[in-house]
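Asks: Have a look at this one.
Chains as they are written, first to last, in this note's numbering: chain A, 1 to 392; chain B, 1 to 392.
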């Protein structure tokens, strides 16, 4: 059958993630690949209690169609938390619940992006965002990333040269690099975007996963109506329930609302009620502290193993939170090639390529330490170290 | 702030549904409006048991990221049911789980529709589909609907004149008209679409809601690779859980998969596991029989009340299933005007306008009998009858 597909459907390729999924069925495979949280961090018992409570107390209303905005109690919880934790005032009616923050990216694309528009992203950037923006047939331009955040000189040059509608940034524990923007850089970026009227998409799923210090101030808090702030419970509670959100100005909110209404009407009301009951009945901060302690330890174990087994020519990017370690192999060494060698040794990770726009055989790679035991982290790094040693 | 929105985001207006929602907070208001199933039909206790079982037996895996395809057991259940009930062979790997079948419409739009393409729909048609297709900036052309299905002469003329990529049909208990296609017409439509290479989107959420006879044969079963068949548990189990599906050829499936991956990764794995455990552990057909008995009774009560209270000039469309009664007021009478009068009498319904493309003050209207008691159905119809009498 000769289908007449839309052009946009011919642009996105099978993602590398699908390739990696193939190897994850084998329990012997040590996985540093997906951004999967550690299932031991899921509050399984508490969510079970919450689910029982919801079925008992709320009856059939939780199984009925619900409003597109999302559950009001949940939006109030998120609003209150921004107020208490970061002194940001975002009313509940400017928070739209989405099926993961990934879905917010899709709807932002739908509301803003025409074929041929330009969007700026960091280099490297989140592969899922690149995939989503690609489906909107836009010109994706990249801006250099330094150890304290985006390169301001490159940023202004790209803004002036490309006149982008949107810029997509992950300022806290960036995926894949692990980098966090300094406070000064956050303010400077806000000032520059404000001056040039570029709308910021600020993706902020990892902010609570700090191993020292505290939660960081979103760039959006300096920008008001010129920004969209995305959040998620996927990394902190459960990704399978698909609950994220986007905060937007009233005018943009209306457009995102209509986009969601025409797309899936609303996100699961059952999941939202289970989640908000969990959040209200339990100490979320205590849960987050336990999660941080676990990830901080696993992060340190991975760094220690890297120091022990990797040749000194491998560059390790600094990070103090999130779920990833970003590495650069010696120049000219392909991380895709390393991937296929590592698969034979039953270790997987994500090679750099999908985090770039049109880069092949990048020498960078992303390792997640979230989802493996201490022993398997050390063993996996040992195997990778051997392979890298052999290639130098 | 002067936002540079995409053109598509400026085309879809606030839907009339949002207008109706305003009145639904008031419990005194008798609602014949939304396509909300009756909450008494939700298998609340059984889903509660299923949720407990899922949390106890499956542990954290149900809270983790899952594959974009959807739960394999659930897809197998759907596949097996097509085999047993309708003798249609659809392998589980050609079924994609979506967040309601509404979401499948959005992804089909994403995969097929370019601005300026033509899509054919029935007149009248489902307002949510019109809203979704409008967001893809396409030319929506309508084909006349007769009491046994679409008008074949008008259909062929429209195909030849407009060269549509897609046609969107709801052949069983159509929303809003309640009409079902005869078996002969189904075959004739299939033959015509096959001949002209028009891809069919067959939306089939009401097929199980028959009050006599049995489940009807989808047009898709005569078309193979030239059709997409959509289904949903929203009308039969729970809309709040947002579980629907789309069946597609392998080539189209790949595109829909990528569209979903770039949009929300996957639908809630928790909800899918709760649902499939419910389906496996309970007698779904027994549940459906109880639901059919309830709706058949409420349907009859509404028809009886209409016969009693409505002037004979009001035309009632024939239907033997689904959730709706479709009416035509005397020529020239506006159902939107009637709506605002009825609101004062605390009765709401959906006026005809949103079911058409660019029609204002249509004389048709849709009444849902699903979500009210016998007494309130009769009382609501009495009030509407009075208002219509006064306007003649």
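All residues carry an ideal CB built from backbone N, CA and C; glycine is no exception.
Does the beta-carbon distance from residue 280 of chain A to residue 77 of chain A come in below 8 angstroms?
Replies: Position 280 of the first chain, counted from the first residue, corresponds to residue 280 of chain A. Position 77 of the first chain, counted from the first residue, corresponds to residue 77 of chain A. The answer is yes: Cβ separation under 8 angstroms.
Asks: Closer than 7 angstroms by beta-carbon distance: list the chain D residues that pair up with residue 114 of chain B, in chain order.
Replies: Within the model displayed, chain D is absent; protein chains A and B are what it includes.
Asks: Please classify residue 142 of chain A: does DSSP put it in a helix, a strand, or coil?
Replies: What you label residue 142 of chain A is simply residue 142 of the first chain in a count that begins at 1. Three-state DSSP puts residue 142 of chain A in a strand.
Asks: Between the segment 94 to 111 of chain B and the segment 131 to 143 of chain B, do three or more beta carbon pairs fall short of 8 angstroms?
Replies: Verdict: yes, contact present.
Asks: Note down the Cα distance separating residue 114 of chain A from residue 194 of chain B, rounded to an integer number of angstroms.
Replies: Locating residue 114 of chain A in the first chain gives position 114, where the first residue counts as 1. Locating residue 194 of chain B in the second chain gives position 194, where the first residue counts as 1. Roughly 33 angstroms separates the two Cα atoms.
Asks: Pick helix, strand or coil for residue 30 of chain A, following the three-state DSSP scheme.
Replies: Residue 30 of chain A sits at position 30 when you count from the first residue of the first chain. DSSP places residue 30 of chain A in strand when its eight states are reduced to three.
Asks: Does the beta carbon of residue 192 of chain B come closer than 8 angstroms to any beta carbon on chain A?
Replies: Your numbering for residue 192 of chain B matches position 192 in the second chain. So no, residue 192 of chain B is outside the interface.
Asks: Find the nearest neighbour of residue 301 of chain A within the set A:376, A:43 and A:275, judged by alpha-carbon distance.
Replies: Within the first chain, numbered from 1, the residue matching residue 301 of chain A stands at position 301. That would be A:376, whose Cα lies nearest to the Cα of residue 301 of chain A.
Asks: Whose C-beta lies closer than 6 angstroms to the C-beta of residue 85 of chain A among residues of the same chain, with five residues either side of it excluded?
Replies: On the first chain, position 85 is the one that residue 85 of chain A refers to. Taken in chain order, the residues that qualify are 215.
Asks: Using a beta-carbon distance below 8 angstroms, is residue 240 of chain A in contact with chain B?
Replies: Counting from one through the first chain, the residue named residue 240 of chain A turns up at place 240. So yes, residue 240 of chain A belongs to the interface.
Asks: For residue 4 of chain A, which of helix, strand or coil comes out of DSSP?
Replies: Sequence index remark: in the first chain, residue 4 of chain A carries index 4 (1-based). Coil, per DSSP.
Asks: Look up residue 123 of chain A in the DSSP assignment and give the residues it is bridged to.
Replies: Counting from one through the first chain, the residue named residue 123 of chain A turns up at place 123. BP columns for residue 123 of chain A point to A:144.
Asks: Relative to the C-alpha of residue 69 of chain B, which residue among B:25, B:244 and B:341 is closest?
Replies: Numbered from 1 along the second chain, position 69 holds the residue referred to as residue 69 of chain B. Nearest C-alpha to residue 69 of chain B: B:244.
Asks: Which residue comes first and which comes last in the beta strand (DSSP E) that contains residue 89 of chain A?
Replies: Here the question's residue 89 of chain A lines up with position 89 in the first chain. From DSSP, residue 89 of chain A is part of no beta strand (DSSP E); its letter is neither H nor E.
Asks: Which residues does DSSP list as the beta-bridge partners of residue 150 of chain B?
Replies: Numbered from 1 along the second chain, position 150 holds the residue referred to as residue 150 of chain B. Answer by DSSP bridge pairing, in chain order: B:145.
Asks: Along chain A, which residues have their Cβ under 8 angstroms away from the Cβ of residue 59 of chain B?
Replies: Sequence index remark: in the second chain, residue 59 of chain B carries index 59 (1-based). 39 and 44, listed in chain order.
Asks: Which residues mark the beginning and the end of the alpha helix (DSSP H) in which residue 281 of chain B is found?
Replies: Against the second chain, residue 281 of chain B aligns to sequence position 281. Here the alpha helix (DSSP H) through residue 281 of chain B covers 269 to 281.
Asks: So, for residue 182 of chain A: in the same chain, excluding its five sequence neighbours on each side, which residues have a beta-carbon less than 7 angstroms away from its beta-carbon?
Replies: The residue labelled residue 182 of chain A in the question sits at position 182 within the first chain. For residue 182 of chain A, where only same-chain residues beyond five positions count, the Cβ hits under 7 angstroms are 148 and 149.
Asks: Give the single residue among A:50, A:40, A:271 and A:101 whose Cα lies nearest to the Cα of residue 231 of chain A.
Replies: Your numbering for residue 231 of chain A matches position 231 in the first chain. Nearest option by C-alpha distance: A:101.
Asks: So, at 8 angstroms on beta carbons, what are the nonlocal neighbours of residue 165 of chain A in its own chain, with the 5 sequence-adjacent residues on each side left out?
Replies: Looking up residue 165 of chain A in the first chain gives position 165. Counting only Cβ-Cβ distances below 8 angstroms, and skipping sequence neighbours, we find 112, 113, 117, 118, 119, 198 and 199.
Asks: Got a sec? Which residues, its chain only, sit under 7 angstroms from residue 38 of chain A by beta carbon, not counting five neighbours each side?
Replies: The sequence position of residue 38 of chain A within the first chain is 38, counting from 1. If we look at residue 38 of chain A and ignore the five residues flanking it on each side, its Cβ neighbours are 294, 370 and 371.
Asks: Could you check whether residue 192 of chain B and residue 145 of chain B sit closer than 8 angstroms to each other, using their CB atoms as the reference points?
Replies: For the purposes of this step, residue 145 of chain B is taken as the residue at position 145 of the second chain. For the purposes of this step, residue 192 of chain B is taken as the residue at position 192 of the second chain. In this structure, residue 192 of chain B does not lie closer than 8 angstroms to residue 145 of chain B by Cβ.
Asks: Please report the Cβ distance between residue 43 of chain B and residue 282 of chain B, rounded to the nearest whole angstrom; I am assuming they are in contact, meaning their Cβ atoms lie under 8 angstroms.
Replies: For the purposes of this step, residue 43 of chain B is taken as the residue at position 43 of the second chain. For the purposes of this step, residue 282 of chain B is taken as the residue at position 282 of the second chain. Yes, they are in contact, since the Cβ atoms of residue 43 of chain B and residue 282 of chain B sit about 7 angstroms apart, within 8 angstroms.
Asks: Consult DSSP for residue 360 of chain B and reduce its assignment to one of helix, strand or coil.
Replies: Stepping through the second chain from its first residue, residue 360 of chain B is reached at position 360. Coil, per DSSP.
Asks: Starting from the Cα of residue 384 of chain A, find the closest Cα among A:349, A:361, A:353 and A:374 and give me that residue.
Replies: For the purposes of this step, residue 384 of chain A is taken as the residue at position 384 of the first chain. Cα-wise, what sits closest to residue 384 of chain A is A:349.
Asks: Just the chain A side, please: which residues come within less than 8 angstroms of residue 66 of chain B by C-beta, in chain order?
Replies: Here residue 66 of chain B refers to the residue found at position 66 of the second chain. Under the 8 angstroms cutoff, chain A gives 240.
Asks: Exposed or buried, residue 1 of chain A, counting other C-beta atoms within 10 Å across all chains shown (16 or more means buried)?
Replies: Here residue 1 of chain A corresponds to residue number 1 of the first chain, with the count starting at 1. The residue in question, residue 1 of chain A, is exposed, as its Cβ has fewer than 16 Cβ neighbours within 10 Å.
Asks: Could you check if residue 311 of chain B is buried or exposed, using at least 16 other CB atoms within 10 Å of its CB as the buried criterion?
Replies: The sequence position of residue 311 of chain B within the second chain is 311, counting from 1. So residue 311 of chain B counts as exposed.
Asks: Sorted by chain position, which residues of the same chain lie with C-beta nearer than 8 angstroms to residue 318 of chain B's C-beta, five sequence neighbours on each side aside?
Replies: By 1-based counting over the second chain, the position of residue 318 of chain B is 318. So the qualifying residues of the chain are 147, 178 and 179.
Asks: What number of angstroms, rounded off, separates the C-alpha of residue 236 of chain B from the C-alpha of residue 254 of chain A?
Replies: Taking the first residue of the second chain as 1, we reach residue 236 of chain B at position 236. Taking the first residue of the first chain as 1, we reach residue 254 of chain A at position 254. Using only the alpha carbons, I get a separation of about 31 angstroms.
Asks: Pull up the distance between the alpha-carbon of residue 125 of chain B and that of residue 205 of chain B, whole angstroms please.
Replies: The residue you call residue 125 of chain B lines up with position 125 of the second chain. The residue you call residue 205 of chain B lines up with position 205 of the second chain. Between residue 125 of chain B and residue 205 of chain B, the C-alpha separation is close to 14 angstroms.
Asks: Along chain A, in chain order, which residues have C-beta atoms closer than 8 angstroms to that of residue 251 of chain B?
Replies: In the second chain, the residue the question calls residue 251 of chain B occupies position 251. Chain A residues near residue 251 of chain B: 1 and 3.
Asks: Is residue 17 of chain A near residue 346 of chain A, with beta carbons less than 8 angstroms apart?
Replies: By 1-based counting over the first chain, the position of residue 17 of chain A is 17. By 1-based counting over the first chain, the position of residue 346 of chain A is 346. In this structure, residue 346 of chain A does not lie closer than 8 angstroms to residue 17 of chain A by Cβ.
Asks: Can the beta-carbon of residue 171 of chain B be found closer than 8 angstroms to that of residue 324 of chain B?
Replies: Walking along the second chain from the start, residue 171 of chain B turns up at place 171. Walking along the second chain from the start, residue 324 of chain B turns up at place 324. Going by C-beta atoms, residue 171 of chain B is not nearer than 8 angstroms to residue 324 of chain B.
Asks: Between which two residues does the beta strand (DSSP E) holding residue 252 of chain B run?
Replies: Here the question's residue 252 of chain B lines up with position 252 in the second chain. Element bounds for residue 252 of chain B: not the beta strand (DSSP E) but the alpha helix (DSSP H), 250 to 261.
Asks: Compute the Euclidean distance between the alpha carbons of residue 362 of chain B and residue 334 of chain B, then round it to the nearest angstrom.
Replies: The residue you call residue 362 of chain B lines up with position 362 of the second chain. The residue you call residue 334 of chain B lines up with position 334 of the second chain. Distance between the alpha carbons of residue 362 of chain B and residue 334 of chain B is about 6 angstroms.
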